[in-house]
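Q: This is the structure I have questions about; it appears just below.
In this note's numbering, the protein residues as written are 128 to 259.
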């Protein structure tokens, strides 16, 4: 954090990627896959929390929360408006199953073990509301 502030950057908006979550391939039941919640927490603490430990980007986007509260993505997905620009960063790394790798040969989706890139459920609903 201080590297950016020392260089004069007051705000740094960072999106979580596979490297921050242990890097792909996610094998069912291995330590790396089981550690996804800890990877998300460490990322959020490093980039999305202020010195007091509170989430930095809490300002509502219209009538919508700036992040998907109540989901596993509430500390790694957020929206932030700076002047007339809306920034939205979305954690798309969704763990599908404990028992099987996911790959759909028809659509070429998956192929990274038990984690795939997708936004669904309450997370998707939040994202759609932010964009309305």
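For every residue, glycine included, the Cβ atom is placed at its ideal position computed from N, Cα and C.
Taking all protein chains shown into account, do 16 or more other C-beta atoms lie within 10 angstroms of the C-beta of residue 146, making it buried, or fewer, making it exposed?
A: Residue 146 is exposed by the Cβ-count criterion.
Q: At the level of alpha carbons, what is the spacing between residue 246 and residue 157?
A: Computed Cα separation, rounded: 23 angstroms.
Q: State the start and end residues of the unbroken beta strand (DSSP E) segment that holds residue 138.
A: First-last for residue 138: undefined, no H or E at that position.
Q: So is residue 243 buried or exposed if we call it buried at 16+ other beta carbons inside 10 Å?
A: Its Cβ being crowded by 16 or more others within 10 Å, residue 243 is buried.
Q: Look up residue 215 in the DSSP assignment and give the residues it is bridged to.
A: BP columns for residue 215 point to 206.
Q: Report the rounded CA-to-CA distance for residue 166 versus residue 160, giving the unit in angstroms.
A: One C-alpha to the other measures close to 10 angstroms.
Q: I need the DSSP call for residue 150, collapsed to helix, strand or coil.
A: If DSSP states are grouped into helix, strand and coil, residue 150 belongs with coil.
Q: List the whole-angstrom C-beta distance separating residue 249 from residue 197, where the pair is believed to meet the contact cut-off of C-beta under 8 angstroms.
A: At roughly 7 angstroms, the Cβ-Cβ gap stays under 8 angstroms, so residue 249 and residue 197 are in contact.
Q: Sort out for me which residues DSSP pairs residue 157 with in a bridge.
A: Paired residue(s): none; residue 157 is not in a bridge.
Q: Of the residues 162, 133, 257, 152, which one's Cα is nearest the Cα of residue 216?
A: Looking at the Cα atoms, 257 is the closest of the given residues.
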